[in-house]
Amino acid sequence: MKNSFGPGALALLNEIKTKYPTGRAAIMPALYVAQEEFGWLMPEALEAVADCLELPEMTVRSTATFYSMYRHRKAGRNVIRICTNVSCMVLGARTLKGVLEGLYGVAPGGVSPDGRFSLEIADCIGACGSGPAMLVNDDLHTGLDAKKIIEVLENYK
Amino acid sequence: MTRYLLDVVENRSIGEYERAGGYQGLGKALSMEPGQVIEEVKKSGLRGRGGAGFPTGMKWMFAAGDPKSPKYIACNADEGEPGTFKDKAILDENPHLLIEGMAIAGHALKAELGYIYLRGEYLKEKDILETAISQARASGYLGENIMGSGKRFDVHVHLGAGAYICGEETALIDSLEGKRGQPRLKPPFPVNSGLWGSPTIVNNVETLANLPFIVREGAGRYVRIGDPGCPGNKLFPVSGHVERPGVYELPMGTTLREIIYEHAGGIKNGKTLKAVIPGGISAPVLPPGLIDCPMDFVSVQKQGSMLGSGGVMVFDEDTCIVRVAHRALEFFERESCGKCTPCREGTGWLRGILERIETRQGREGDIRLLEDVSKNITGNTFCPLGDGAAAAVLGFLMHFREEFAEHIKNGCPFGPDDLNPYHYNPVQP
Ligand SMILES: Cc1cc2nc3c(=O)[nH]c(=O)nc-3n(C[C@H](O)[C@H](O)[C@H](O)COP(=O)(O)O)c2cc1C
Ligand code: FES
Numbered sequence: 001m002k003n004s005f006g007p008g009a010l011a012l013l014n015e016i017k018t019k020y021p022t023g024r025a026a027i028m029p030a031l032y033v034a035q036e037e038f039g040w041l042m043p044e045a046l047e048a049v050a051d052c053l054e055l056p057e058m059t060v061r062s063t064a065t066f067y068s069m070y071r072h073r074k075a076g077r078n079v080i081r082i083c084t085n086v087s088c089m090v091l092g093a094r095t096l097k098g099v100l101e102g103l104y105g106v107a108p109g110g111v112s113p114d115g116r117f118s119l120e121i122a123d124c125i126g127a128c129g130s131g132p133a134m135l136v137n138d139d140l141h142t143g144l145d146a147k148k149i150i151e152v153l154e155n156y157k
Numbered sequence: 001m002t003r004y005l006l007d008v009v010e011n012r013s014i015g016e017y018e019r020a021g022g023y024q025g026l027g028k029a030l031s032m033e034p035g036q037v038i039e040e041v042k043k044s045g046l047r048g049r050g051g052a053g054f055p056t057g058m059k060w061m062f063a064a065g066d067p068k069s070p071k072y073i074a075c076n077a078d079e080g081e082p083g084t085f086k087d088k089a090i091l092d093e094n095p096h097l098l099i100e101g102m103a104i105a106g107h108a109l110k111a112e113l114g115y116i117y118l119r120g121e122y123l124k125e126k127d128i129l130e131t132a133i134s135q136a137r138a139s140g141y142l143g144e145n146i147m148g149s150g151k152r153f154d155v156h157v158h159l160g161a162g163a164y165i166c167g168e169e170t171a172l173i174d175s176l177e178g179k180r181g182q183p184r185l186k187p188p189f190p191v192n193s194g195l196w197g198s199p200t201i202v203n204n205v206e207t208l209a210n211l212p213f214i215v216r217e218g219a220g221r222y223v224r225i226g227d228p229g230c231p232g233n234k235l236f237p238v239s240g241h242v243e244r245p246g247v248y249e250l251p252m253g254t255t256l257r258e259i260i261y262e263h264a265g266g267i268k269n270g271k272t273l274k275a276v277i278p279g280g281i282s283a284p285v286l287p288p289g290l291i292d293c294p295m296d297f298v299s300v301q302k303q304g305s306m307l308g309s310g311g312v313m314v315f316d317e318d319t320c321i322v323r324v325a326h327r328a329l330e331f332f333e334r335e336s337c338g339k340c341t342p343c344r345e346g347t348g349w350l351r352g353i354l355e356r357i358e359t360r361q362g363r364e365g366d367i368r369l370l371e372d373v374s375k376n377i378t379g380n381t382f383c384p385l386g387d388g389a390a391a392a393v394l395g396f397l398m399h400f401r402e403e404f405a406e407h408i409k410n411g412c413p414f415g416p417d418d419l420n421p422y423h424y425n426p427v428q429p
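Here the protein sequences line up with chains A and B, keeping their order.
Going by our numbering, 149 is the number at position 149 of the first sequence; the sequence numbering is gapless.
Going by our numbering, 138 is the number at position 138 of the second sequence; the sequence numbering is gapless.
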């Protein structure tokens, strides 16, 4: 486990800092960098962000705990965020959630026993016109049905 | 009809955009005094496309009139309203339109810096925007001495992290400052005290994307498009049970019927229309009898709903309205920021009551109770999130009361939503 930023991340953080008049405003992008670097926002990650921005750790933690896309637990190797909001729901998104639960043994908020997938329920990801939709890591997949979702997930090991 | 938001350029390249007249609006704006640009925007009658429909020129005038500086331009690209994916269409197809719009706003407000608050899920759009911003810098439309005018203006992208409330303008400002995204008490309004206490304009992506056309072609031409009271084109993202879901650019005031039946191809699989939400999940539902309503801020409000984001969500005859209402409230409960009690507690109550109605545990007075809780939320919350939740519930009850009563009496008559853990199949032989 690393407990400080590597050179690549530091360069990125220095660039981020130039975009804002205050260090505090750089917290959100810095948290993304830390999440990428550490895997999730473990206490060391929050401390590293606080050090880098010269802020109290509490200030960083207060921001980090407000937003749902920051992870405070170890995640699976791939993070699935499936939308079950209304436009996707009426096209069958809840069935798909069930498929994932059955096939990979992963419930919303959890990680599959083999550590391959985390499952999160998303609330509209701006793909309502081609739902049901999900994000796997950074990739958007749309027009899902029970068959397609399994095919798509085969590509994430 | 004239289209100026979507389908303007073949690809996203800056060259294509310039050939289609891109950045001429900025050039023209820079040759005008900032006050003249604001005057032109006021004359255009442009109203904000983020949901509230506030007159853009007036907002700008307030910010320009504040003696404090620096001033900031904040573009609201949080697009969190379920059923809404129109700003994404602009970013995907035509990102320079937004950048040009922001630069025009920058000149009008004498601001030198703008931020695009982009929702966390729009990672592809983040790349598109950052590429477009670099292109614009390289071509002299952003950065120092833009278009040789001696003015400077630059734009940064700020990625949100999954909080619907950050679409609310004061929460957006707190979030951009690196804080928890909770709404601030107004006044002071952002036009006087926004980012870091400075006068700040918060405008939606689509609002800003209207500016290049307004400035280039003139307010006189713009006011002839759409509805005289509310000019211009509007983007309508259509989802749910239609043959051709997608984003349609149409004159403001196009009827819901035309949008659903002509543009989106009618109801999927030859079924009939049961209900439509006209402006994203916070907008009260409308029954089929009201779809001749023109889609503009005033007309939709007259029907007891709102234009909101323009996100049209269409439901066919087989849709369970209680289930839709329940899912909507699950969303509001989760996204309530927790700052004020009526919203934090009220949304949970509404979701809970809807849940028991859907799972055949509904009680006699539940419809009354839903109304009572909704009315106690309305007008008593810090920001309009709670009002939206309450209005949505009251809308469902107003037009589909019978269906709720039927659920309470006999359970949900629609097929099981198989893996919906809340669902209880009432058909027991
Ligand atoms: C809960 C809530 C969520 C909102 N979400 C958005 C949003 O995602 N995008 C947006 O442009 N406006 C959103 N708004 C409206 C903004 O507060 C604000 O009115 C708008 O950004 C102003 O821009 P405009 O005048 O260009 O419409 C939201 C408002 C509330 C109360
Ligand atoms: S409702 Fe699923 S992406 Fe919008």
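The beta carbon of each residue, even a glycine, is placed where N, CA and C say it ideally should be.
Just so it is clear, the structure is predicted and the values come from calculations on it, not from any experiment.
Query                                                                                                                  : Result
Closer than 7 Å: valine 90/A CB and nearest ligand 2 heavy atom                                                        : no
7 Å CB neighbourhood of leucine 419/B in its chain, flanking five on each side removed                                 : Any reading at leucine 419/B is ruled out, since the residue's pLDDT is 35, under 50, leaving its predicted position unreliable.
Any chain A beta carbon closer than 8 Å to methionine 313/B                                                            : yes
Any chain B beta carbon closer than 8 Å to glycine 39/A                                                                : no
Test: leucine 119/A CB closer than 8 Å to a CB of chain B                                                              : no
Under 7 Å by beta carbon: chain B residues contacting arginine 24/A                                                    : Glu177 and Gly178
Given lysine 339/B as reference, the closest of Leu195/B, Phe382/B, Ser239/B and Ile321/B once Cα atoms are compared   : Phe382/B
Within chain A, partners of threonine 347/B - CB distance below 7 Å                                                    : Within chain A, no residue comes near threonine 347/B; the closest Cβ sits about 13 Å away, beyond 7 Å.
Threonine 359/B burial status per 10 Å Cβ neighbour count (16 or more: buried)                                         : buried
Any non-hydrogen atom of ligand 1 within 7 Å of arginine 116/A CB                                                      : no
Exposure of threonine 2/B, with buried meaning 16 or more beta-carbon neighbours within 10 Å                           : exposed
Spatial distance of isoleucine 146/B from aspartate 174/B (CA atoms)                                                   : 29 Å
Within chain A, the residues that glutamate 79/B reaches when beta carbons sit closer than 7 Å                         : Gly126
Cα-Cα separation between alanine 74/B and aspartate 87/B, rounded to whole angstroms                                   : 15 Å
Cα-Cα separation, lysine 186/B to arginine 327/B                                                                       : 30 Å
Near ligand 2: glycine 8/A beta-carbon under 7 Å from a heavy atom                                                     : no
Proline 228/B, buried or exposed, once every other Cβ within 10 Å from all chains shown has been counted against 16    : exposed
For arginine 180/B and alanine 209/B, the rounded distance between their alpha carbons                                 : 29 Å
DSSP state of glycine 35/B mapped onto helix, strand, coil                                                             : helix
Own chain partners of proline 284/B with C-beta closer than 7 Å, once the 5 adjacent residues on each side are dropped : Gly304, Ser305, Ala391, Ala392, Leu394 and Gly395
Host alpha helix (DSSP H) of cysteine 52/A (start-end)                                                                 : 43-53
Valine 298/B classed as buried or exposed, judged by whether at least 16 other C-beta atoms fall within 10 angstroms   : exposed
First through last residue of the beta strand (DSSP E) which encompasses cysteine 75/B                                 : 72-77
Neighbouring residues, chain B, relative to isoleucine 149/A (Cβ below 7 Å)                                            : Under the 7 Å cutoff, chain B gives no residues; its nearest Cβ is about 13 Å from isoleucine 149/A.
First and last residue of the uninterrupted beta strand (DSSP E) at proline 456/B                                      : Nothing in the structure corresponds to residue 456/B, since chain B is present only between 1 and 429.
Rounded separation between alanine 63/B and leucine 109/B - CA only                                                    : 7 Å
Assigned secondary structure, leucine 12/A (DSSP; H/G/I helix, E/B strand, else coil)                                  : helix
7 Å CB neighbourhood of asparagine 245/A in its chain, flanking five on each side removed                              : What is shown of chain A runs 1 to 157, which leaves residue 245/A out entirely.
Beta-carbon spacing of glutamate 81/B, glycine 240/B below 8 Å                                                         : no
Residues bridged to glutamate 120/A (per DSSP)                                                                         : Arg81/A
Contact the region 242-253 of chain B vs the region 52-61 of chain B: 3+ CB pairs below 8 Å                            : no
Alpha carbon of lysine 59/B to alpha carbon of lysine 274/B, nearest angstrom                                          : 39 Å
Of the listed residues Ser193/B, Gly160/B and Asn233/B, nearest to leucine 439/B (C-alpha basis)                       : In the structure as shown, chain B begins at 1 and stops at 429. Residue 439/B is therefore absent and cannot be evaluated.
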